[in-house]
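S.K.: Shown below is the structure under consideration.
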Amino acid sequence: MTHAPTTPNFRQNVREAMADAPLMEQMTTALTGSMARRAGAAGAVPEFDALRDAGRDLKNHVLEHLDVYLETYEQAVTDAGGHVHWAETAEEARAIILDICRKAGAKTVNKGKSMISEEIGLNDYLEENGVKPVETDLGEYIIQLRKETPSHIIAPAMHVNVPQWREAFRKFHPHLPQDRDLEGLDKLLLEARGELRRKYFEAEVGITGANMLIAETGQSVIVTNEGNGDLSQSLAKVHIVLASLEKIVPTLEDASTVLRLLARSATGQEMSVYTTFSSGPRRAEDPDGPEEYHVVLLDNGRSEMLGSDFQDMLRCIRCGACMNHCPVYRAVGGHAYGWVYPGPMGAVLTPALIGVTQGGNLPNASTFCGRCEEVCPMRIPLPKMMRHWREREFERKLSPKGMRRGMGAWAWAARRPGLYRIGASLAARALRLLGAGSIRRLPLAGRAWTQTRDFPAPQKGGTFLAQWNPDAEGRRKGGAA
Amino acid sequence: MSSRVRILANLRRRLEEGRPAAERAEGVAARLRLAGAQTAPRPAASRLEGAEALARFEEKLRAVDASVSHVPGFSSLPQALAEELRARNLPAAVRMGEDFDLVSLDWSGLEATRGPGRIEEPATLSRAVCGAAETGTVALRSGPANPVTLTFLGETHFIVLRRSEIVPGLEELWARVRRSGAQPRTVNLVTGPSRSADIGGVLQLGAHGPVAVHVFIVDA
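Structure (structure tokens):
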């Protein structure tokens, strides 16, 4: 399912998410250990930082030569008997896919996990046009049943708790006995396995995403743990790969660099269970595999990012480490971000793809703690790019009036240091009247702050500047007197 | 004007400022000439050879919940496989492809069938190109010798390779895959049995693919 972005309502989304106690509990459960797992896996490889440098350099190289790489890749796909379709927009990609499905006479399409498919709203479109999409990744399967969107790019059903899994299976598997035992987690897994195993043999078309596209060999690569993407692509008559154009890597050796970073950053695994390199349709002598192989290359605003302040974002390999480590993501969950990509990478990518007018709220959802950049395997300067978006939002007068006035007032004062110092020292004195050590309750706009935490009271002995250089401060005062 | 032309024109316009077209073409050609040669740093743990590589391969397989055993030669494989099936309470049957090393063996003690995977496959057998000690990863080529569906439909997936086919890391794995013949429809890197932690955040084996993976190492 894909819905219109609710990113403009980010503040309201956050309030609702944080008032949702079961969601807050589930987020805590789901994210526990995620940072330790990544730290353990990265720490076990002394060369990890050197690999990150290599990953960054290799993606920069690809982006600087992207036109030539795309043509090289296209040629290799064609040589292997596959077809490459270019799509500038989401609408175009959807139409291409529907056309392939219709030509294949498809009633049902099985899908491996693909964030691009969410980005272009593929499922709704196929459904409206009489083709039934079946999500086969476990996480995607449950959220398709619940008519939801993913809340995390690698664990799309992170927000769904176990009782909700049971409830959904009882409701949406009505052909199974209502009184069956679904107590153990293994029962839920077995039921999903049984339901989907049948479906793999029914669909005419299998759609997967791609973690990488290899220019040297014309292969598309998927990295998974479940095996659903492989069953989807190997049992259908037609395999469609849906990928954005920055997924190119030059060679198999370059793919190894990305693989050495990806799983460790994402789940703390050394290697995901299945890394599959696919090219073309089944060979003449093959007993299985698809008869047709199509790659839909999606731009959807990415080429506009080349040469801009946001080019570095195109290095992203979608590991999810930035969101796992983000205090804001961890506090509000993925749905609050209101569109496909949450967390720090979403805060940078969303305004680039749907516009700053719609997505401009997200780059504000950051404490600038910098943890996302610290763990990013591709060394993407996420906080810097969020700042760029904030500047653009401010320039285009999109930020709230109160905030703009406050910023204006502050900027006016900051350009007048003498006045600023007097103001700061007056404010410090006023605050000291409200309490010593910490202030339990602030008046006016400060109330929102002290509703959930104390405000530190200024220490005695004047402002920082006064303490740092008491003589100068004294002279200034003396001079003024 | 097609989307292809428009996308490429837009990219060229943007890239031209940094680097002219001829230079970009040469940059790509130079990089692709490096295919098969080491260009990036690699972990020291991906460079182990001989007995050390073998020990790491087995250790890493066990770490990803696979099991591993040795057979002295291919001719002992049917017997060893039959024993594994018995120990796992599985029927004495296995599905495999037309791999030369496998079809030439005496499978009379088992119901050994050949062909692609069917909807229920209690046990399947694949012949790997090689295995990388670095992460306990095996490489499989799709084709008549190894139908790709056997890798994903078998409830228990048996994989066999020679001891001499255990290589240090991904670099050597690619060298072997490149040497193994024309590019197949899929190259599958498998690292343990299928898994998911989507339900309740608890890792469970056997999501859609195999619940168990067992690797036979042929010593001779």
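Protein chains in written order, with full-length UniProt numbering: chain A, 1 to 481; chain B, 1 to 220. Built from N, CA and C at the ideal position, the CB exists for glycine as well.
(1) What's the C-alpha gap between isoleucine 153 (chain A) and glycine 50 (chain B)?
(2) Going by DSSP in three states, histidine 61 (chain A) sits in which element: helix, strand or coil?
(3) Strictly under 9 Å for the Cβ-Cβ distance: is residue 232 (chain B) near chain A by that measure?
(4) Would the beta-carbon of glycine 280 (chain A) fall within 9 Å of that of arginine 185 (chain B)?
(5) Nearest-angstrom Cα distance between valine 348 (chain A) and tryptophan 410 (chain A)?
(6) Counting only Cβ pairs nearer than 7 Å, list the residues of chain A close to asparagine 10 (chain B).
(7) Within 9 Å of any Cβ in chain B, is that where the Cβ of proline 287 (chain A) sits?
(8) Sort out for me which residues DSSP pairs arginine 387 (chain A) with in a bridge.
(9) Hey, which unbroken runs of the beta strand (DSSP E) at 3 residues or more fall wholly within the segment 346-390 of chain A?
(10) Among residues of its own chain, excluding the 5 on either side of arginine 163 (chain B), which ones have a beta-carbon nearer than 6 Å to its beta-carbon?
(11) Methionine 96 (chain B) bridges to which residues according to DSSP?
(12) Can you tell me which of the three DSSP states threonine 6 (chain A) falls into?
(13) Let me know the secondary structure DSSP gives alanine 87 (chain A) once reduced to three states.
(14) Report buried or exposed for serine 232 (chain A), applying the criterion of at least 16 other Cβ atoms within 10 angstroms of its Cβ.
(15) At a Cβ threshold of 9 Å, is alanine 480 (chain A) touching chain B?
(16) Return the first residue and the last residue of the beta strand (DSSP E) that phenylalanine 277 (chain A) is part of.
(17) So that I know if they touch, is there some Cβ in chain A lying closer than 9 Å to that of aspartate 198 (chain B)?
(18) Tyrosine 69 (chain A) touches chain B at which residues, Cβ-Cβ below 8 Å?
(19) Just the chain B side, please: which residues come within less than 7 Å of phenylalanine 277 (chain A) by C-beta, in chain order?
(20) Show which residues of chain A have a CB atom less than 8 Å away from the CB atom of proline 122 (chain B).
(21) Going along the segment 135-155 of chain B in order, which residues come within less than 7 Å of chain A, judged by CB to CB distance?
(22) Mind checking arginine 379 (chain A): buried by the 16 CB within 10 Å criterion, or exposed?
(23) Could you tell me the alpha carbon to alpha carbon distance between threonine 267 (chain A) and glutamine 204 (chain B), rounded to whole angstroms?
(24) What are the boundary residues of the alpha helix (DSSP H) that valine 134 (chain A) is part of?
(25) Look up serine 67 (chain B) in the DSSP assignment and say whether it is helix, strand or coil.
(26) Which of the residues in the segment 339-367 of chain A, read from start to end, lie with their CB under 9 Å from any CB of chain B?
(27) Hey, serine 76 (chain B) and valine 215 (chain B): beta-carbon distance below 9 Å or not?
(28) Quick check on isoleucine 119 (chain B): buried or exposed, where buried means 16 or more other Cβ atoms within 10 Å of its Cβ?
(29) Under 8 Å: does the beta carbon of phenylalanine 100 (chain B) sit that close to some heavy atom of the ligand ATP?
(30) For a cutoff of 9 Å on Cβ pairs, would you count residue 495 (chain A) as touching chain B?
(31) My guess is that histidine 159 (chain A) and histidine 335 (chain A) are in contact by the Cβ rule of under 8 Å, so how many angstroms apart are they, rounded?
(32) Could you compute how far the alpha carbon of threonine 463 (chain A) sits from the alpha carbon of leucine 442 (chain A)?
(33) Suppose only complete runs of 4+ residues qualify. What are the alpha helix (DSSP H) ranges in the segment 131-166 of chain B, listed by chain order?
(34) The beta strand (DSSP E) that contains alanine 243 (chain A), what's its start and end?
(35) I'd like to check one pair, glutamate 246 (chain A) with threonine 108 (chain A): are the Cβ atoms closer than 9 Å?
(36) I'd like the list of long-range same chain contacts for alanine 90 (chain A), defined as Cβ closer than 6 Å, with 5 residues on each side in sequence excluded.
M.R.: Straight from the coordinates:
(1) 40 Å
(2) helix
(3) The requested residue 232 (chain B) is not part of the displayed model; chain B covers only 1 to 220.
(4) yes
(5) 26 Å
(6) Ser303
(7) yes
(8) The partner list for arginine 387 (chain A) (beta bridge, DSSP) is empty, contrary to what the question assumes.
(9) none
(10) Ile217 and Asp219
(11) B:Arg114 and B:Leu125
(12) coil
(13) strand
(14) buried
(15) Its pLDDT being 42, under 50, alanine 480 (chain A) is placed unreliably in this model, and the coordinates cannot settle the point.
(16) 274-278
(17) yes
(18) Val28
(19) Thr186 and Val187
(20) Ordered by position in chain A, no residue passes the 8 Å Cβ test against proline 122 (chain B), which lies about 13 Å from the chain.
(21) Thr135, Thr137, Ser142, Gly143, Pro144, Pro147, Val148, Thr149 and Phe152
(22) buried
(23) 14 Å
(24) Where valine 134 (chain A) is concerned, there is no enclosing alpha helix (DSSP H), although the beta strand (DSSP E) it sits in stretches over 132-135.
(25) strand
(26) none
(27) no
(28) exposed
(29) In terms of ligand content, the structure shown is empty, and the ligand ATP therefore cannot be addressed.
(30) Given that chain A is displayed from residue 1 to residue 481, the structure contains no residue 495 (chain A) and the question cannot be resolved.
(31) 7 Å
(32) 20 Å
(33) 148-153
(34) 238-244
(35) no
(36) Ile120 and Asn300
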